[in-house]
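Note sheet for the following structure.
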Amino acid sequence: MTNEMPGEQDLKALRELLGDHAPAAGDPDSRLRSLLLDLADAPSLPIDRASFDWTEVTPGIKLTVVHEDAARGTRACLAWGRAGAKTPRHIHRGGENILVLEGRLRDERGSYGPGEVCYSAADSIHAEEVVEDCLCYVVYYGELETVEDSAG
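Per the working numbering, the very first residue in the sequence shown carries number 4; after that it's consecutive.
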């Protein structure tokens with residue numbers, strides 16, 4: 004038995020999951036709880052893709068907004084990608100959490116499969132590639148902007 008309050012183990016696990024991208028030690032635990040609760044709103048599997056209106060945001064990747072909270076500046080979406088599809092390189096003006104529900108994607112930091120989270124902090128720059136047909140629950144905290152690739 005430990006002296007920890009209920010939920011502290013979950014916060015430790017979330018910090019381990021987020022690794023270098025976890026909020027600094029001085030940040031309140033309420034921020035981590037909020038990130039975790041946002042992901043907990045992901046729809047349960049199986050998901051009937053035909054019941055959503057999808058918009059192709061880049062070749063091979065479709066998006067549908069599930070929930071928006073203007074007061075918090077958040078937008079939760081389902082993203083459906085085909086193997087080989089890539090997002091343009093982009094910067095997040097707020098953070099982004101991607102919970103992989105099915106399939107696999109990767110970015111410059113790693114590869115993510117079902118149940119894994121790809122977290123991008125505010126002002127981080129990256130691009131994702133769909134490795135296996137993929138369905139993800141994505142929570143955006145603010146806007147994102149495409150970044151011109153300097154390699155070329």
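In this text, a Cβ means the ideal position worked out from N, Cα and C, and glycines have one as well.
Next item on the list: Provide the residue span of the beta strand (DSSP E) that contains THR90, from first to last.
Entry: Sequence index remark: in the sequence shown, residue 90 carries index 87 (1-based). From DSSP, THR90 is part of no beta strand (DSSP E); its letter is neither H nor E.
Note to self: Contact between the segment 101-111 and the segment 65-72 is defined here as three or more beta-carbon pairs at a separation below 8 Å; is this criterion met?
What the structure shows: Per the Cβ contact rule, the segment 101-111 is not in contact with the segment 65-72 (fewer than 3 Cβ pairs under 8 Å).
Next item on the list: Measure the alpha-carbon distance for GLY98 versus GLU131 and round it to whole angstroms.
Entry: As a position in the sequence shown, residue 98 is number 95, starting the count at 1. As a position in the sequence shown, residue 131 is number 128, starting the count at 1. Approximately 15 Å, taken between the alpha carbons.
Item checked: Extent of the continuous beta strand (DSSP E) run through SER127 -> Mapped onto the sequence shown, residue 127 falls at position 124. Going by DSSP, SER127 is part of no beta strand (DSSP E) at all; its letter is neither H nor E.
Margin query: Quick check on GLY113: buried or exposed, where buried means 16 or more other Cβ atoms within 10 Å of its Cβ?
Written below: Position 110 of the sequence shown holds residue 113. Exposed is the call here.
Next item on the list: Between the Cα of ALA79 and those of ARG52, ASP44, CYS121, spot the shortest distance and give me the residue it belongs to.
Entry: As a working note, residue 79 is residue 76 in the sequence shown. Considering only alpha carbons, the answer is ASP44.
Note to self: Looking at ARG96: is its Cβ nearer than 7 Å to the Cβ of GLU151?
What the structure shows: Along the sequence shown, one-based indexing puts residue 96 at 93. Along the sequence shown, one-based indexing puts residue 151 at 148. The answer is no: Cβ separation not under 7 Å.
Note to self: Would LEU102 and LEU40 qualify as a contact pair, given that the criterion is a beta-carbon distance under 7 Å?
What the structure shows: What you label residue 102 is simply residue 99 of the sequence shown in a count that begins at 1. What you label residue 40 is simply residue 37 of the sequence shown in a count that begins at 1. It is not a contact, given that the beta carbons lie outside the stated cut-off.
Check: What are the boundary residues of the beta strand (DSSP E) that VAL133 is part of?
Finding: For the purposes of this step, residue 133 is identified with residue 130 of the sequence shown, where counting begins at 1. Residues 132-144.
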